[in-house]
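Q:
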Amino acid sequence: MLRAAARSVVSAAPRVAQRMRTPAAKRFMGDGEVKRHPDLERWNNVRDNLDQIVDFTKPATIVRAFISVVVIPVVFYNLIVAEGLVPNGDSSTGIVLARKIKMERAAVEAAAAAAAAAAAAAKE
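Going letter by letter, the sequence shown gives residues 298 to 421 in our numbering.
In structure tokens:
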């Protein structure tokens with residue numbers, strides 16, 4: 298009888314202790330088994346063994362790394378700069394698109410070239 302009572306107390310103790318835990322005690326994970334998520338474990342394995350998974354002696358890996366690290370950022374940078382905002386050059390605080398400024402400069406240069414050609418034709 299005493300043995301049965303001791304067994305019931307021992308089997309009920311974890312449930313009672315779990316009900317009495319505070320939130321701070323619940324965060325502590327050193328007292329029991331931690332649930333392991335398979336996806337997180339796989340990611341952790343790849344992260345820890347990256348030097349064994351990625352082999353930079355292969356030319357294909359070097360090309361992929363070059364494209365990822367150099368080519369893609371340069372392309373994005375040039376696209377952003379081409380559409381970027383620049384000061385409009387006068388005393389106002391407004392800004393205009395860089396493409397508009399390029400178009401205006403091209404028009405001014407074309408007019409100057411036309412004027413120079415007309416002047417050269419007039420001299421002949």
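Note that CB positions come from ideal geometry on N, CA and C, so glycine has one too.
List the whole-angstrom C-beta distance separating Ile350 from Val343, where the pair is believed to meet the contact cut-off of C-beta under 8 Å.
A: For the purposes of this step, residue 350 is identified with residue 53 of the sequence shown, where counting begins at 1. For the purposes of this step, residue 343 is identified with residue 46 of the sequence shown, where counting begins at 1. Contact flag correct, Cβ pair sits at about 6 Å.
Q: Let's see if you can read the secondary structure: which residues bound the alpha helix (DSSP H) around Arg333?
A: Working through the sequence shown from its first residue, we reach residue 333 at position 36. From DSSP, Arg333 is part of no alpha helix (DSSP H); its letter is neither H nor E.
Q: DSSP state of Val405, grouped into three classes?
A: Position 108 of the sequence shown, counted from the start, is the residue given in the question as residue 405. Residue state, collapsed to three classes: helix.
Q: Of the residues Ala416, His334 and Ala362, which one's Cα is nearest the Cα of Phe353?
A: As a first step, residue 353 is located in the sequence shown; it is residue number 56 there, counting from the start. Considering only alpha carbons, the answer is Ala362.
Q: Name the two residues that bound the continuous alpha helix (DSSP H) containing Ile369.
A: On the sequence shown, position 72 is the one that residue 369 refers to. Ile369 to Ala379 is the extent of the alpha helix (DSSP H) around Ile369.
Q: Specify, as a first and last residue, the run of the alpha helix (DSSP H) that Val360 falls within.
A: In the sequence shown, counting from the first residue as 1, residue 360 sits at position 63. That run of the alpha helix (DSSP H) goes Pro356 to Phe363.
Q: Alpha carbon to alpha carbon, how far is Glu330 from Ala379?
A: In the sequence shown, the residue the question calls residue 330 occupies position 33. In the sequence shown, the residue the question calls residue 379 occupies position 82. Computed Cα separation, rounded: 56 Å.
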